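Numbering (numbering that gives the first Met the number 0), first residue to last: 0 to 222. Ideal Cβ positions, reconstructed from N, Cα and C, are used throughout, including at glycine. Computed from a predicted structure; not experimentally measured.
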Amino acid sequence: MTIKISPSILSADFTRLGEELKAVESAGADYVHIDVMDGRFVPNITIGPFVVEAVRKATALPLDVHLMIEEPERYITDFARAGADIITVHVEATRHLNKVIQSIREAGKRPGVSINPATPLIAIAEIVADVDLVLIMSVNPGFSGQSFIQSILDKIKAARRMIEVVAHPIELEVDGGIKTANIAAIAKAGADVFVSGSGIFAQEGGQGGYKKTIAAMRQATEA
Ligand code: DX5
Ligand code: ZN
Numbered sequence: 000m001t002i003k004i005s006p007s008i009l010s011a012d013f014t015r016l017g018e019e020l021k022a023v024e025s026a027g028a029d030y031v032h033i034d035v036m037d038g039r040f041v042p043n044i045t046i047g048p049f050v051v052e053a054v055r056k057a058t059a060l061p062l063d064v065h066l067m068i069e070e071p072e073r074y075i076t077d078f079a080r081a082g083a084d085i086i087t088v089h090v091e092a093t094r095h096l097n098k099v100i101q102s103i104r105e106a107g108k109r110p111g112v113s114i115n116p117a118t119p120l121i122a123i124a125e126i127v128a129d130v131d132l133v134l135i136m137s138v139n140p141g142f143s144g145q146s147f148i149q150s151i152l153d154k155i156k157a158a159r160r161m162i163e164v165v166a167h168p169i170e171l172e173v174d175g176g177i178k179t180a181n182i183a184a185i186a187k188a189g190a191d192v193f194v195s196g197s198g199i200f201a202q203e204g205g206q207g208g209y210k211k212t213i214a215a216m217r218q219a220t221e222a
């Protein structure tokens, strides 16, 4: 299975964001994961469409935009225009998920759905056939640097079974607490796209270490 690594820029050095993007790109990243937080759906406030637009100019990698915002329907057009490639919304954040997913498609983007650790997987059963990506949260969204919740491994296995029966390919992404040390178990559970923030950016050796880390992550999933 070919896996994808999506470094989360939440852990990057924002004073040098352009350089950080170039560094993960040349280190072999597949996507750039952008965490958008509104201080309502999650306690933290982070990035908006203007920064996504700047990121778009600084890298050729697909932008994997993770919206942790209430009523994401209000901002789909803005993030699409800013240059997002994948737009992922939370099942917990909107009353009309089907409509939001449709609007992402209509904007010409790849729709994803994300689910918090305590939300039963069944909550996305009716929408999986309409998305290109399922994002399983393995921490409570809001901050980088938290520990992977072990019980989520079973949810990843169940999600793999759920998407397997859909006629088109769906990526199974996992986000939160992913490091070189635990990525193999997460891949074994069925994930194929791995978000990592502190696991890639917050390490000794700085940018020089990104390539080694990403290669080690890939290798661990192949073993
Ligand atoms: C958490 C974010 C994650 C976070 C991952 O709310 O969605 O993408 O940046 O960071 P790590 O890999 O450090 O857990
Ligand atoms: Zn994220």
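Work out the CA separation of Gly107 and Ala59 for me, nearest whole Å. 18 Å
7 Å Cβ shell around Thr93 - same chain, five flanking residues per side excluded: Glu70, Pro71, Glu72 and Val99
Could you pull the start and end residues of the alpha helix (DSSP H) that Val164 belongs to? It is not in any alpha helix (DSSP H) - Val164 carries neither H nor E in the DSSP assignment.
Let's test the definition: count the other Cβ atoms within 10 Å of the Cβ of Asp153 and tell me whether it reaches 16, buried, or not, exposed. exposed
Please name the residue or residues paired with Asp34 in a DSSP beta bridge. His65
Any heavy atom of the ligand ZN within less than 5 Å of residue CB: hits in chain order: Asp34, His65 and Asp174
Kindly list the residues whose CB is nearer than 8 Å to the CB of Gly141, restricted to its own chain and excluding five residues on each side of it in sequence; keep chain order. Met36, Val41, Pro42, Asn43 and Met67
Starting from Ser25, follow the alpha helix (DSSP H) in both directions and report where the run begins and ends. Leu16 to Ser25
Starting from the C-beta of Ile103, find all residues in its chain whose C-beta is less than 7 Å away, skip the five residues before and the five after it, and write them out in chain order. Ile75, Ile86 and Pro110
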